[in-house]
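Novice: Have a look at this one before I ask anything.
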Amino acid sequence: MAIKVYGLTLSNNALRAIAVLNEKGLDYELCPVDLQSGAHKKPEFLALNPFGQIPVVQDGDEIIFESRAITRYIATKYKESGADLLPDNSAKFETWLQVESSQFYPAISAINFELLIKPMIGMTTDMSNVEKQAEKLSAVLDVYEAHLAKNKYVAGDVFTLADLNHMPEVFLLLKSPKAELITSKPHVKAWWDDISARPAWKKTAASIPV
Amino acid sequence: MGGVILYGSPISTCSARVLLCLEEVGAEYQLVPISMPTGEHKKPDHLARNPFGQIPALEDGDLVLFESRAISRYVLRKYKESGTDLLKEGNLAKSAMVDVWLEAESQQYNPAISPIVYQSLFVPKMRGGTPDQAIIDASLEKFKKVLEVYEARLSKSKYLAGDFFSFADLSHFPYTKYLMVTPYASVFESYPHVKAWWKDITSRPAFKKVSAGMLGS
Numbered sequence: 001m002a003i004k005v006y007g008l009t010l011s012n013n014a015l016r017a018i019a020v021l022n023e024k025g026l027d028y029e030l031c032p033v034d035l036q037s038g039a040h041k042k043p044e045f046l047a048l049n050p051f052g053q054i055p056v057v058q059d060g061d062e063i064i065f066e067s068r069a070i071t072r073y074i075a076t077k078y079k080e081s082g083a084d085l086l087p088d089n090s091a092k093f094e095t096w097l098q099v100e101s102s103q104f105y106p107a108i109s110a111i112n113f114e115l116l117i118k119p120m121i122g123m124t125t126d127m128s129n130v131e132k133q134a135e136k137l138s139a140v141l142d143v144y145e146a147h148l149a150k151n152k153y154v155a156g157d158v159f160t161l162a163d164l165n166h167m168p169e170v171f172l173l174l175k176s177p178k179a180e181l182i183t184s185k186p187h188v189k190a191w192w193d194d195i196s197a198r199p200a201w202k203k204t205a206a207s208i209p210v
Numbered sequence: 001m002g003g004v005i006l007y008g009s010p011i012s013t014c015s016a017r018v019l020l021c022l023e024e025v026g027a028e029y030q031l032v033p034i035s036m037p038t039g040e041h042k043k044p045d046h047l048a049r050n051p052f053g054q055i056p057a058l059e060d061g062d063l064v065l066f067e068s069r070a071i072s073r074y075v076l077r078k079y080k081e082s083g084t085d086l087l088k089e090g091n092l093a094k095s096a097m098v099d100v101w102l103e104a105e106s107q108q109y110n111p112a113i114s115p116i117v118y119q120s121l122f123v124p125k126m127r128g129g130t131p132d133q134a135i136i137d138a139s140l141e142k143f144k145k146v147l148e149v150y151e152a153r154l155s156k157s158k159y160l161a162g163d164f165f166s167f168a169d170l171s172h173f174p175y176t177k178y179l180m181v182t183p184y185a186s187v188f189e190s191y192p193h194v195k196a197w198w199k200d201i202t203s204r205p206a207f208k209k210v211s212a213g214m215l216g217s
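Chains A and B are the protein sequences, given in the same order.
Number 21 in the UniProt record's numbering belongs to position 21 of the first sequence; there are no gaps in the numbering.
Number 179 in the UniProt record's numbering belongs to position 179 of the second sequence; there are no gaps in the numbering.
Shown next as structure tokens:
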């Protein structure tokens with residue numbers, strides 16, 4: 001039975017799961033969830049994820065929700081398949097995996113939601129929130145700029161899950177009016193140019209309808 | 001061999017997360033206080049450990065880590081042989097559930113509970129300010145929805161990841177402990193399984209020890 005991904009290729013969090021499956025070269029079936037009609041809040045879906053959010057991955061008997069738990073699970077179970085995204089016992093890896101979640105994601109996902117998603121679902125962008133989050137993200141990216149001046153990838157010399165978890169949000173931000181938050185920082189931009197050139201990412205990116 | 005050095009504060013939620021792990025595994029450690037009121041966390045010495053200027057940070061020989069959930073995972077792995085295995089990394093089905101509920105803490109539980117704690121405890125107690133009731137009320141509504149999910153989960157499962165205590169349960173401690181010090185502790189009365197789970201995990205010696213160093217004890 002193929003791995004099932006419940007989600008959408010427009011969803012930042014679902015794309016994280018899709019990206020890791022592509023890096024691993026694994027076959028999967030994308031089961032779209034119609035958020036507009038509230039499918040994610042219906043009992044059938046809540047049985048998969050009681051928090052009523054995408055993505056959910058079903059792999060045999062395992063049902064996993066929360067995108068970062070999914071990516072760690074896939075990277076661990078299929079370590080021998082495709083690129084190895086988990087360095088053995090690396091403190092820097094675990095730290096920067098967490099940095100994405102705690103420092104990077106809150107600001108960048110808020111900007112992407114305001115600028116890209118809200119117009120699609122008939123809501124009004126709150127530009128003052130965009131500016132507030134942009135200031136936060138810029139300060140965070142200053143730290144990334146210094147870090148990536150000394151490290152080719154966030155966890156060191158090789159591409160890992162710690163880089164991959166960032167990719168959907170960076171892709172989306174670059175489609176928005178706030179792209180310069182990334183492009184104005186030379187080492188951050190160089191890191192993105194490198195990791196987005198990966199064939200597996202190109203496959204993921206081609207499926208994003210933005 | 002010597003222990004590890006934790007830079008932080010016993011009253012800080014994120015430092016408490018790491019302290020709990022260190023206590024659970026019986027690690028040798030030294031807590032070096034970093035003074036937030038004097039801005040020590042933003043000075044060069046600490047920025048060299050954590051470029052985001054936050055506590056905690058951990059030094060283990062030449063290794064330096066920051067982000068409490070990363071430090072905790074590092075500590076729990078390092079001292080796994082002590083007999084306390086809170087990550088279950090040798091069993092994929094179990095470790096996957098630990099990771100799911102760790103993420104639930106980080107992405108669902110924490111964003112709902114932390115504004116309540118921040119406004120009702122930290123703002124008056126540490127900043128001498130007035131709580132913003134509108135923020136508290138909005139967060140309480142969000143938090144109740146999260147607690148409904150936890151209630152359902154803990155009705156079927158003794159601990160969050162399964163029938164075993166894990167890092168996923170532990171990670172919820174610091175902010176929940178602080179909520180219990182505020183009048184909003186009463187929100188747990190409507191969720192008997194969550195309340196029972198809380199009573200169980202807080203009876204552990206490590207929890208009692210770390211709790212004693214926090215506010216409101």
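Built from N, CA and C at the ideal position, the CB exists for glycine as well.
All figures in this text were calculated on a predicted structure; none of them were measured in a lab.
Taking the alpha carbon of E103(B) as the point to measure from, which residue in M127(A), R72(A), K79(A) has its own alpha carbon closest?
Specialist: The residue you call residue 103(B) lines up with position 103 of the second sequence. Cα-wise, what sits closest to E103(B) is R72(A).
Novice: Round the Cβ separation of V18(B) and S72(B) to the nearest angstrom and send it over; I've been treating them as touching at under 8 Å.
Specialist: Within the second sequence, numbered from 1, the residue matching residue 18(B) stands at position 18. Within the second sequence, numbered from 1, the residue matching residue 72(B) stands at position 72. Contact holds; Cβ gap of about 5 Å.
Novice: Can you tell me where the alpha helix (DSSP H) with F122(B) in it begins and where it stops?
Specialist: Position 122 of the second sequence holds residue 122(B). That residue, F122(B), is in no alpha helix (DSSP H); it is neither H nor E in DSSP.
Novice: On the DSSP letters alone, give me the boundaries of the alpha helix (DSSP H) that I182(A) sits inside.
Specialist: As a working mapping, residue 182(A) is identified with position 182 in the first sequence. Counting along the chain, the alpha helix (DSSP H) containing I182(A) begins and ends at 180–183.
Novice: Could you tell me which chain B residues have their CB closer than 8 Å to the CB of P50(A), listed as they occur along the chain?
Specialist: Against the first sequence, residue 50(A) aligns to sequence position 50. Within 8 Å Cβ-Cβ: V149, A152, R153.
Novice: Grouping DSSP H, G and I as helix and E and B as strand, with all else coil, what is P32(A)?
Specialist: Indexing the first sequence from 1 puts residue 32(A) at position 32. Looking at P32(A) - three-state DSSP - the assignment turns out to be strand.
Novice: Could you tell me which chain A residues have their CB closer than 7 Å to the CB of R73(B), listed as they occur along the chain?
Specialist: Locating residue 73(B) in the second sequence gives position 73, where the first residue counts as 1. Within 7 Å Cβ-Cβ: E94.
Novice: What are the start and end residues of the beta strand (DSSP E) that includes residue 212(A)?
Specialist: As shown, chain A starts at 1 and ends at 210. That puts residue 212(A) outside it, with no answer to give.
Novice: Could you give the distance in angstroms between the alpha-carbon of L48(A) and the alpha-carbon of L173(A)?
Specialist: Here the question's residue 48(A) lines up with position 48 in the first sequence. Here the question's residue 173(A) lines up with position 173 in the first sequence. The alpha-carbon atoms of L48(A) and L173(A) are separated by roughly 30 Å.
Novice: So, using beta-carbon positions, are Q133(A) and F52(B) closer together than 8 Å?
Specialist: Here residue 133(A) refers to the residue found at position 133 of the first sequence. Here residue 52(B) refers to the residue found at position 52 of the second sequence. In this structure, F52(B) does not lie closer than 8 Å to Q133(A) by Cβ.
Novice: For the alpha helix (DSSP H) that contains K150(A), what are its first and last residues?
Specialist: Start at 1 with the first residue of the first sequence, and residue 150(A) comes out as number 150. Unbroken alpha helix (DSSP H) run through K150(A): 127–150.
Novice: Using beta-carbon positions only, say whether L148(A) and W191(A) come within less than 8 Å of one another.
Specialist: Translated into the one-based positions of the first sequence, residue 148(A) becomes position 148. Translated into the one-based positions of the first sequence, residue 191(A) becomes position 191. In this structure, L148(A) sits near W191(A), with a CB-CB distance shorter than 8 Å.
Novice: Could you pull out every residue in the same chain whose Cβ sits closer than 7 Å to the Cβ of A107(A), ignoring the five residues on either side in sequence?
Specialist: On the first sequence, residue 107(A) is found 107 positions in, with the first residue counted as 1. If we look at A107(A) and ignore the five residues flanking it on each side, its Cβ neighbours are Q133, K136, L137, V140.
Novice: Measuring alpha carbon to alpha carbon, tell me which residue in L8(A), E44(A), I70(A), R16(A) is nearest F171(A).
Specialist: Reading the first sequence from its first residue, position 171 is the one you call residue 171(A). In this structure, R16(A) is the residue among L8(A), E44(A), I70(A), R16(A) with its C-alpha nearest to the C-alpha of F171(A).
Novice: Beta-carbon separation of V188(A) and I182(A) under 8 Å?
Specialist: Numbered from its first residue, the first sequence carries residue 188(A) at position 188. Numbered from its first residue, the first sequence carries residue 182(A) at position 182. Their beta carbons are under 8 Å apart, which means V188(A) touches I182(A) by this criterion.
Novice: Any Cβ of chain A within less than 8 Å of the Cβ of S106(B)?
Specialist: Position 106 of the second sequence holds residue 106(B). At least one chain A Cβ lies under 8 Å of S106(B).
Novice: Using a 10 Å radius around the Cβ and a threshold of 16 neighbouring Cβ atoms, would you call L63(B) buried or exposed?
Specialist: To locate residue 63(B), count along the second sequence from 1; it is residue 63. So L63(B) counts as exposed.
Novice: For the pair the stretch 36–52 of chain B and the stretch 90–101 of chain B, tell me if three or more CB-CB distances fall below 8 Å.
Specialist: Judged by Cβ distances under 8 Å, the stretch 36–52 of chain B makes no contact with the stretch 90–101 of chain B, as fewer than three pairs qualify.
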